[in-house]
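Comments concern the structure below.
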Amino acid sequence: MSLLGAGLYRIKSYFTSSLNKWADGLDAWDNEDGVHSRKLISIRLADSITAVDLARLTQSYSILPTALYLRSVLPLKVLVEGVENPDGTREMLSRENLWRYLAVREAVLRRCIASDFAISSSAVSAECNQCAKCVQSFRAIRAVASTNLKIGITTWNGLASEYKYTSIRTPQSFNLSNLCTACKEHLEWKVAGEKPKTWDKLRQMMGLIDSKHPSTWDSSKWGYLYDIE
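So in the working numbering, spot 185 of the sequence shown is number 204, and the numbers just go up one at a time.
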């Protein structure tokens, strides 16, 4: 295998088109130094800024959905100000592309909120031993989602390796970490059911739907559907 081929293999293993491979290889975000690791490769979160250009240059369009997704959930500061490369240069989005990514970010956030409602609106576990308290916690989370006050896109992340319910606090001071064990397990089961739905909508959220190839992730049309300078 050539050096280029080996490099592309590693990149495709990171920006995978398979939900199972994504879930199997995904580790937790490292928020301190911005490094995100999978089995074969570790990159900075901001490296997704260049991944889309690499996809177009190498015609590796299968990496576009996850590359665009990871770019859309970057902190706003990174999207607006760019990121400094090791050689001192700065990777920046053009003004036009910045607006595009803000639109994508909005689509991702809408999906996150929709998932939140789906996850928290059904009844508590049949084995719940503190029903009133758990019901209040779920209601409080729905209230936060409806007003879009406290849910951060990097925290309430439908494709994250774990559902960070312990870090979500509501104005009413209810915390999903206060759920009973049965309801936490029930919550995790519902989250697991939402991930495939988010994955299936990923191409649409990223603006990558091709009417002639609606079911494939590898359509060569994608480079034209999402024209990024």
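Cβ atoms here follow ideal geometry from the backbone N, Cα and C, with glycine treated the same way.
All values derive from a computational prediction rather than experimental measurement.
Checklist entry - Just reading off the alpha helix (DSSP H) that Ile82 is part of, what are its end residues? => result No alpha helix (DSSP H) holds Ile82; DSSP gives it neither H nor E.
Item to check | With 16 other Cβ atoms within 10 Å as the buried cut-off, status of Ala108 | outcome: Residue 108 is actually Thr in this sequence, not Ala. By the 10 Å Cβ count, Thr108 comes out exposed.
Item to check | Beta-carbon proximity check, Leu83 vs Leu227, cutoff 8 Å | outcome: It is a contact, given that the beta carbons lie within the stated cut-off.
Next on the checklist: Relative to the C-alpha of Leu117, which candidate in Val127, Gly101, Ile132 has its C-alpha closest?
Outcome noted: Taking only the C-alpha atoms, the option nearest Leu117 is Gly101.
Checklist entry - What residue from Cys202, Leu98, Val123 has the CA that sits closest to Lys220's CA? => result Of Cys202, Leu98, Val123, the residue nearest in Cα terms is Val123.
Checklist entry - Who are Arg109's beta bridge partners in DSSP? => result BP columns for Arg109 point to Glu103.
Checklist entry - Taking C-beta to C-beta, are Lys209 and Ile138 nearer than 8 Å? => result A contact, by the Cβ cut-off of 8 Å.
Checklist entry - If you drop the 5 nearest sequence neighbours on each side, which residues of the same chain put their C-beta closer than 7 Å to that of Gln149? => result So the list reads Cys199, once near-sequence residues are dropped.
Next on the checklist: I need the DSSP call for Trp48, collapsed to helix, strand or coil.
Outcome noted: Model confidence at Trp48 stands at a pLDDT of 40, short of 50, so the residue's coordinates are unreliable; what they give is reported in the following sentence. Here DSSP, grouped into helix, strand and coil, assigns Trp48 to coil.
Checklist entry - What span of residues does the alpha helix (DSSP H) with Gly226 cover, start to end? => result For Gly226, there is no enclosing alpha helix (DSSP H), as DSSP marks it with neither H nor E.
Checklist entry - Whole-angstrom Cβ separation of Ser79 and Leu27, contact assumed at under 8 Å? => result Right, their Cβ atoms sit about 6 Å apart.
Checklist entry - From Val97 to Ala151, what does the alpha carbon distance come to, in whole angstroms? => result If you take the alpha carbons of Val97 and Ala151, they lie about 42 Å apart.
Next on the checklist: Buried or exposed, going by whether 16 or more other CB atoms sit within 10 Å of the CB of Phe157?
Outcome noted: Result: buried.
Checklist entry - According to DSSP, is Gly24 helix, strand or coil? => result DSSP places Gly24 in helix when its eight states are reduced to three.
Checklist entry - Given Asn104, which residues of its chain have a CB within under 8 Å of its CB, disregarding the five upstream and five downstream residues? => result Closer than 8 Å at Cβ, skipping near neighbours: Glu110.
Checklist entry - Terminal residues of the continuous alpha helix (DSSP H) containing Ala122? => result Going by DSSP, Ala122 is part of the alpha helix (DSSP H) stretching over 114-139.
Item to check | Per-residue DSSP class, three states only, for Glu146 | outcome: In the structure shown, Glu146 sits in coil (DSSP, three-state: anything other than H, G, I, E or B).
Checklist entry - Among Ala201, Ala211, Ile132, Glu213, which has the Cα closest to the Cα of Ala145? => result The shortest C-alpha separation from Ala145 is found at Ala201.
Next on the checklist: I need the straight-line Cα distance from Asn197 to Arg75, nearest angstrom please.
Outcome noted: For Asn197 and Arg75, the distance between alpha carbons rounds to 46 Å.
Next on the checklist: Is the separation between the beta-carbon of Phe136 and that of Thr85 shorter than 8 Å?
Outcome noted: Taking 8 Å as the cut-off, the beta carbon of Phe136 is found no closer than this to the beta carbon of Thr85.
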